[in-house]
Every structure is written in structure tokens, then in C-alpha cells.
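Only one structure is covered here, and it is reproduced in the block below.
Residue numbers (my numbering): 1 to 183.
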């Protein structure tokens with residue numbers, strides 16, 4: 001046997017260890033991935049990298065929406081955004097409408113439509129804001145809490161299965177990375 005691949009791998013390991021103190025296989029894998037797949041044409045940076053990250057994030061978002069849609073199909077809640085609105089309202093007594101919309105990074109008309117559907121289905125109710133008479137606040141109703149308690153275990157199971165391939169350290173790392181991208 002020639003062990004050509006093993007010899008090439010050893011060369012990469014030696015190069016990695018010269019410039020990196022970490023002996024973690026995960027760190028080496030990330031370094032090797034960057035080394036092998038980063039464009040050399042523009043100083044080690046490729047717009048393809050950003051495009052790939054964006055497409056992967058969009059793909060994961062669609063996969064989660066598709067999985068949650070099956071759970072929501074038999075519910076008064078019709079989207080993951082509606083579920084998220086209810087979840088946030090369950091943790092806090094009330095929100096101004098636009099606070100909730102902005103928290104979910106939605107356009108105002110889209111967020112207001114979600115709130116209207118939740119009101120129509122009697123899952124939330126609106127009332128005047130005592131501090132700002134022009135604003136309306138919303139809070140979850142008993143029906144909303146009941147619907148949420150039926151959905152939450154099923155949605156939590158989807159999210160748990162989704163992250164099962166990751167160990168705790170990876171979950172912490174990816175959460176930090178996603179926080180950076182969210183800013």
C-alpha cells in the first residue's frame with residue numbers, strides 16, 4: 001500500500017500544528033475545511049462562502065417550517081410565527097403589538113396580520129396601552145394558553161430532534177455564531 005492519502009493528511013496535520021495551539025479534532029477539521037475550500041483568488045475570501053452559508057441557513061429554516069407545519073395542521077395556530085408570538089406572550093404578561101412584530105423581525109403588515117389571525121381565533125386579546133393611548137397591547141387568552149400547551153411538547157420534540165446530531169459544546173458554539181449573525 002502507498003498510503004498517499006495518509007501522507008497528505010499528515011502534512012496537513014503538521015502545518016496545522018505549527019500555527020495552532022488547539023489539538024481538538026473539531027478545530028483541525030474547521031481549519032482544514034477553510035484551507036481546502038477557500039478561494040485563493042481573492043485573498044482567502046470567497047463570496048461563494050457567504051452564499052453557501054446563506055443557502056444552508058435558508059434550507060434549515062424551510063426544513064423546520066415544513067416539520068412544524070405537520071404539527072400545526074390540526075391546530076388553530078397556522079404558522080411557526082403565530083406559535084412564536086403565543087410562546088412569547090406566555091412568558092410575559094403583554095406586549096405592544098409593534099414590540100412583538102419587531103422582536104420577530106417581521107414587516108409591520110405581516111406581523112399585524114398574524115396578530116389579527118390570533119385575535120380572530122381568540123388566542124390573544126388586545127387592549128389599550130395605558131402609557132401610550134395610541135398603542136394597543138396584546139396578551140394571551142386562556143384559549144391561547146391551552147392551545148400552546150397542546151402544541152409545545154410536539155414542537156419541542158421537533159426542535160430536539162433537529163439538534164440531536166450536535167453535542168452540547170457544538171450547540172453552544174452554533175448558538176454563539178448565530179447570535180453574531182443576528183446582530
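Think of the CB as a built atom: it goes at the ideal place given N, C-alpha and C, for glycine as much as any other residue. All of these numbers come straight from a predicted model, not from anything done at the bench.
Less than 8 Å between the C-beta atoms of residue i and residue j, yes or no?
i	j	result
residue 123	residue 141	yes
residue 139	residue 75	no
residue 64	residue 81	no
residue 126	residue 137	yes
residue 84	residue 59	no
residue 163	residue 171	yes
residue 158	residue 67	yes
Could you give the distance in angstroms between the alpha-carbon of residue i and the alpha-carbon of residue j?
i	j	result
residue 135	residue 78	26 Å
residue 35	residue 12	9 Å
residue 21	residue 182	29 Å
residue 31	residue 2	26 Å
residue 27	residue 33	10 Å
residue 120	residue 144	11 Å
residue 96	residue 8	60 Å
residue 178	residue 50	14 Å
residue 62	residue 169	25 Å
How should residue i be labelled, buried or exposed, when 16 other C-beta atoms within 10 angstroms of its C-beta is the threshold for buried?
i	result
residue 101	buried
residue 37	exposed
residue 176	exposed
residue 19	exposed
residue 5	exposed
In three-state DSSP terms, what is residue i?
i	result
residue 124	strand
residue 23	coil
residue 66	helix
residue 117	helix
Taking Cβ positions only, does residue i come closer than 8 Å to chain B?
i	result
residue 72	No chain B appears in the structure shown, which is made up of a single protein chain.
Evaluate contact between the region 58-72 and the region 101-114, counting only Cβ atoms and requiring at least three cross-stretch pairs below 8 Å. As far as the Cβ criterion goes, the region 58-72 does not touch the region 101-114, which means the pair count is below three.
Check whether the region 145-153 and the region 86-105 touch, using three or more Cβ-Cβ pairs below 8 Å as the test. yes
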